[in-house]
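Only one structure is covered here, and it is reproduced in the block below.
Protein chains: 2
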Amino acid sequence: MRTFFLLLIICISTAANAQVTGALNLMPLPKSMTTQNGHFTMNPGFTVAVHADQTDTMCFLAVNRMFQTLNRRTGLFFTQENISSKDKNDSAGLVITVKNKSGMKIGMDESYRIQVSTRQIRLEANTTIGALRGMQTIIQLLSNDESGFYLPIVNIEDAPRYAWRGLMIDVSRHFIPMDVLKRNLDAMTALKMNVLHLHLSDDQGFRVESKIFPKLQSEGSNGEYYKQEEITDLVSYAAIRGVIVVPEFDMPGHSTSWFAGYPELATKPGPYKPGSPYKLDRSESLNPMKLMQIIQTTPFPTFDPTKESVYKFLDTLIGEMTTLFPAPYFHIGADENNGVAWKQDSGIVQFMRKNNFATTHELQAYFVDRVQKMVTKYGKKTIGWDELFSKNLSKEVLVQVWTPMSPPGLVKQIVSQGNPVILSKGFYLDHFMPAYVHYNYELPAEEILGGEAAQWTEIADAENIETRIWPRAAAIAEKFWSSNTVADPMDLYRRMFIISKQLHEGGLQHISNYDRMVLRFSSGYNYQDTKRLMDVLTPVKGYKRLFALISMPTSFSYQSAPLIRAADIAWVDPSEKWKFRKNVTEFLQTKSPASEMAVRDQLMVWSKNYDQLKPLFESTPVAKEIVQHSKNLSALSIVCLQAMDFLKTGKKPGEQWLKDQQKLLESAKGNYGDVELSVLPEMNALISQNFAPLPMSYPLF
Amino acid sequence: MRTFFLLLIICISTAANAQVTGALNLMPLPKSMTTQNGHFTMNPGFTVAVHADQTDTMCFLAVNRMFQTLNRRTGLFFTQENISSKDKNDSAGLVITVKNKSGMKIGMDESYRIQVSTRQIRLEANTTIGALRGMQTIIQLLSNDESGFYLPIVNIEDAPRYAWRGLMIDVSRHFIPMDVLKRNLDAMTALKMNVLHLHLSDDQGFRVESKIFPKLQSEGSNGEYYKQEEITDLVSYAAIRGVIVVPEFDMPGHSTSWFAGYPELATKPGPYKPGSPYKLDRSESLNPMKLMQIIQTTPFPTFDPTKESVYKFLDTLIGEMTTLFPAPYFHIGADENNGVAWKQDSGIVQFMRKNNFATTHELQAYFVDRVQKMVTKYGKKTIGWDELFSKNLSKEVLVQVWTPMSPPGLVKQIVSQGNPVILSKGFYLDHFMPAYVHYNYELPAEEILGGEAAQWTEIADAENIETRIWPRAAAIAEKFWSSNTVADPMDLYRRMFIISKQLHEGGLQHISNYDRMVLRFSSGYNYQDTKRLMDVLTPVKGYKRLFALISMPTSFSYQSAPLIRAADIAWVDPSEKWKFRKNVTEFLQTKSPASEMAVRDQLMVWSKNYDQLKPLFESTPVAKEIVQHSKNLSALSIVCLQAMDFLKTGKKPGEQWLKDQQKLLESAKGNYGDVELSVLPEMNALISQNFAPLPMSYPLF
């Protein structure tokens, strides 16, 4: 994989042109596709006919949504007003045929076929869901040039590689409002994802209304939670778009918020209030080792697995929640329970002895087994994070693999024991990795059920979460839909940033909220240059910032601090960086005047950045944090312009000059304000006239 | 007023500098204010103390919202985490004192006093609502410069001029989702507005759930309506922000949607379905006279005022709805009932004879009287549009004056009869008038209750409605809050566009959705230049476009057509126009190099617009509509650059040259694609070296 990738990086411009598939802007790429010259031309007389069960409301709603999207994008004002089961004219511009009416079920047939000729578009699917997936492809096939709007002549056979293609959103650490969830659902739909997994409870908040145990939300949250009607509305919004909503209630750890209202469920009497369980000695600075030790040795608030009343409570709640969430899956968390609270309780220790549990992990297995049986009783399958895996785990249970340090054989072990695997290891969006890192993550050889991108929200909130998830989640969506032969990262970025604009156009707030946050950050000073700087910054990767946050004084903690620093705003994988990389690559390869001008123009603008933003840095504390990046960007831009002059004149730079610049580059790698300058590899390439290979992964700590 | 205004236009630059009030960016401007040199400096140790009833949740929620806004804007990460009734330290940075806990009631004391010294900010109010208004002023007082963030030393005494300061949103013609309403409420709060009036029913849709008569929403809408819990949530969202929500159910006309489910309420048996009642002969083109005739002679679907069953139905529904909406007002519409449906019904004619009703207006007065008595029974005051006014109207009824052709004495007549007046005449946002036209509209000499900006949605939807309402509604908000001596339009624009950015930063989507729509409009071509063109276009004023829409074929009708044309996107009152005007004014007055450069740079960019956008115009139908504006903008920019050369060299342009340019200017005034070029007066000023007076009003037809 690594060699292949490097080759592609080097051949980027040729690769992009050679790939007909890429030129079509489809994402995820279909299983198979053949194209020919020619167009199906769109015009106001464009009509749609549907052969489907006339009670297939989901199908007709989707057809009309697609039709209106095409209408809006083309501005053609189609004369057909809407499409109903009466529209069956076989000479319509688009004829859709659906064999079987069906809602979304994991493992079902989601395949479809599209044939575009100059005369007609045909979409066929065995199921309604397949047809929905195909409609997204039709939207993405819409193209335009001087001749107007059209679909290219193409033959597509498509089906997903994996059955489970999810997005997990943590709505506990920061509450994420319904409209944000719906916008994420719209974006997921465009990328053919089919599972929205909501992490509904954690130490910091219980986010769904229980009518039976109302203190769960009233005491267990800051008043921000979903009412049951809102959940019902969300579930149906998702369902008609072919997405199931899987609820997660994390237990027996990560559960402080439950105990705020019901302390009797916990090992200790409390009182409890929702919030981070980390009670640190702020006086000493925290390093990863020290934090690991704290994680392993702190008696975090935990359910008492020995009380029958606990199981009675859970049985009732699971009964209520499985009714609220119709999906046939129920996630019980079961992660990061270090067992310390249990070991400290003499009653629990006695219980373990009595039952011959040698470790707290065995006790957790007992707890999981009992909870899993309740979930089964309510007709659902249990899911848990990989710590719930044990020798005697019921084969019915789905295991979501995530732990970064888990042994390489874990997936194999789970699969060979007969449990389905959902893979999230390698797909944590909150690790702040570039999309290509997720994209190139090697999937296990074993047959897994699928995967989930995961967005935890210790340092993400309603305003910036869309900028954290999108467009990178599109790369992960493709990973789990498309064939494993699709692995060209430069074509990935080309398509990903096109899709990103389409999502923006469709109402996703990632770009709008980024602009909004940059405007606030610029505090009335130079917005354009503030944006130009922010456009090439990127948050420090891995857990660095989260660890730093945990060790900060209260008001800086992720519970109450406003997320307004550069590290909260900057793109994880900035499009401007990849645009610059494309231009630099082209310039170094071809020395074409166009690429030279593009690179020089960009460097000229950056070279003035520090001068332009001085007043901002001098007066605004959040800006002051990143002043060094602006200085470095400007200084290195001037150096790069010199390097280009050297290249042009054929004059060789002196050894001392090169040494000085390498030193400058090295020092520019620093972390200031928890952000890094993302264009250093490209600047280094200009200076040294050679691209260093991109790292395939980055350390988490 | 006119002369005063013209003077100010001419003195713009000096006026702006001289006005200390203006320099403070407050909107609406307070009643009285004295400033001194000096600052209260904000720093991380900034704290807030509150002296208020400890059960005054509304107050504490507002204080914490304000505190977090200050925290986000300054990026200072205040050490105080949140403010509760325990925070009473009199040496806090901000001390808030509230005498009486109170919710919003029309006519209440909304006054407040703010004193800022170098040591402390003090906010005092007699009521919670007054304190809320003052907190918005504190947010607006926040300033920053090279010394950091601060509040200027100032003494403010403030109270509203009018008790009723509302915004009406029509959610029937196009459904407006809850999140859009909440964003509008946030913006209203910033401008100290206190009434959100929802036009919940009209021919095109009944938009609120009735549990007693569910066919109202199920048959009377396209499935888009508010559930009762959503209304309750909205009402409480508004209430804690000091805004009441007034529902309007329009009757006896404008009521087709009711009859879809309950045809027995109407004069004719139906069947009915929600939609525009205009059934026009599309073959002949429509002119205003013809339309007037249609409006006056068509038997539009209308309630039957003679049936007791109708009153029984209404009594039950009003009982249900007055419970759902706790505000003590209930709007019954009563506008635009031409009486034709009544005259065509022999039973009704007989009823009129029997009761000695000489006109259908008298019959409507009877209907209104009966409905008003029910409203009274449920403890509410009735509101109606001015057509409901009649000699014997109960003095309890509030009259909302709107009709453009109403006699000048109407307000006087209503007031002298003892009915309170809400003024919307002059404040229809959907007339596409610039803010200064609303701002300079002369208020009646009589004592009125207040006014309402009104946004009808025949040609506005969830995506563009925020661009239609904001920031112009801010000018109207100031009109009804501030003293009538505040009438400087250039300072209005200066402050209005600052507030506009703050609303954007706070989450309003007017700027984001504009960008989104322009991106879609640019169809993958040159976004920047598409935006530059769109930035100086403005929809045709008055009812021109609505009339054109009504006469168009079905699929172009406002019920189903996508709102994606330039006329749906372009700002009604573009900031770029006023920026250009400021620069041109300064240049003509001072010939300063800075102003000359600003004007020239802008003209240079515009001069290339047509060349830049040719590929877009050639391929995209919605863009093709406005190609002539781009040609004119580019051609006139070149002419303006020549004019500036003449000015600089002292060379006089030839008479023929001037004539040619006047001809070009004249032809550029054309309506293409239902938009106009907004910068023609400024271009004319450059060419003729003289500003023509701005029109104080524009024709509606």
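If you read the protein sequences in the order shown, they are chains R and B. When the letters of the first sequence are read in order and numbered with my numbering, they come out as residues 8 to 708. When the letters of the second sequence are read in order and numbered with my numbering, they come out as residues 8 to 708. Yeah, the Cβ is synthetic: ideal placement off N, Cα and C, and Gly gets one too.
Beta-carbon spacing of residue i, residue j below 8 Å
i, j, result
"B:ASP63", "B:VAL105", "yes"
"B:GLY514", "B:ASP193", "yes"
"B:GLU689", "B:ARG588", "yes"
"R:ILE633", "R:ALA573", "yes"
"R:LEU556", "R:ILE483", "no"
"R:GLY173", "R:GLU459", "yes"
"R:GLY340", "R:MET258", "yes"
"B:ALA577", "B:LEU620", "no"
"B:TYR385", "B:ILE325", "yes"
"B:THR263", "B:PRO284", "yes"
"B:PHE266", "B:GLY277", "yes"
"B:LEU705", "B:LYS486", "As written in the sequence, residue 705 of chain B is Tyr, which differs from the Leu given in the question. Contact: no."
For residue i: DSSP bridge partner residues
i, result
"R:SER150", "R:TYR157"
"R:GLU236", "Note: R:GLU236 sits in no beta bridge, so no partner."
"R:GLY340", "R:MET258"
"R:GLU683", "R:THR545"
"R:SER208", "R:PHE213 and R:PHE256"
Exposed unless 16 or more other CB atoms sit within 10 angstroms - verdict on residue i
i, result
"B:SER365", "Sequence inspection shows Ala at residue 365 of chain B; the Ser mentioned does not correspond to that position. Under this definition B:ALA365 is an exposed residue."
"B:ASN491", "exposed"
"R:THR28", "Unreliable placement is indicated for R:THR28, whose pLDDT of 43 sits below 50; the coordinate value is still reported in the next sentence. R:THR28 is buried by the Cβ-count criterion."
"B:ASN133", "buried"
"B:SER431", "buried"
"B:SER519", "buried"
"R:ASP652", "exposed"
"R:LYS387", "buried"
"R:THR389", "buried"
"B:THR561", "For B:THR561, the predicted model reports a pLDDT of 49, less than 50, meaning its position is unreliable; a value from the coordinates is still stated below. It counts as exposed."
"R:MET497", "buried"
"R:ALA601", "exposed"
"R:ALA452", "exposed"
"R:GLU271", "exposed"
"R:SER423", "exposed"
"R:SER154", "exposed"
Contact list for residue i against chain R, beta-carbon separation under 9 Å
i, result
"B:VAL55", "Here the premise fails: no neighbours, minimum Cβ distance about 14 Å."
"B:SER530", "ARG80, THR81, GLY82, ASN151 and PHE156"
Chain-ordered neighbours of residue i on chain B, where CB pairs are closer than 9 Å
i, result
"R:SER626", "ASN151, ASP152, GLU153, SER154, GLY155 and PHE156"
"R:ARG523", "HIS511, GLU512, GLY513, GLY514, ILE518 and SER519"
Listed by chain order, chain R residues near residue i by CB distance under 7 Å
i, result
"B:ASN78", "PRO569"
"B:PRO159", "Near B:PRO159 there are no residues of chain R at all, since even the closest Cβ is about 15 Å away, more than 7 Å."
"B:ARG527", "ARG79, ARG80 and GLU512"
"B:PRO622", "GLU153"
"B:ASP186", "ASP186"
Listed by chain order, chain R residues near residue i by CB distance under 8 Å
i, result
"B:ASP575", "Neighbours of B:ASP575 on chain R: none; closest Cβ ~10 Å, over 8 Å."
"B:GLY45", "What B:GLY45 touches in chain R: nothing, since even the nearest Cβ is about 18 Å away."
"B:SER228", "Within 8 Å Cβ-Cβ: nothing; B:SER228 doesn't reach chain R, min ~15 Å."
Under 8 Å from the C-beta of residue i: neighbouring residues of chain B
i, result
"R:VAL629", "GLY82"
Can you list the alpha helix (DSSP H) stretches of 4 or more residues lying completely in the segment 477 to 531 of chain B, in chain order?
479 to 488, 496 to 512 and 517 to 528
Problem - Unbroken stretches of the beta strand (DSSP E), 3 residues or longer, contained in the segment 419 to 472 of chain B - result: 428 to 430 and 457 to 462
| field | alpha helix (DSSP H) segments (min. 4 residues) lying fully within the segment 223 to 274 of chain R | value | 235 to 246 and 263 to 268
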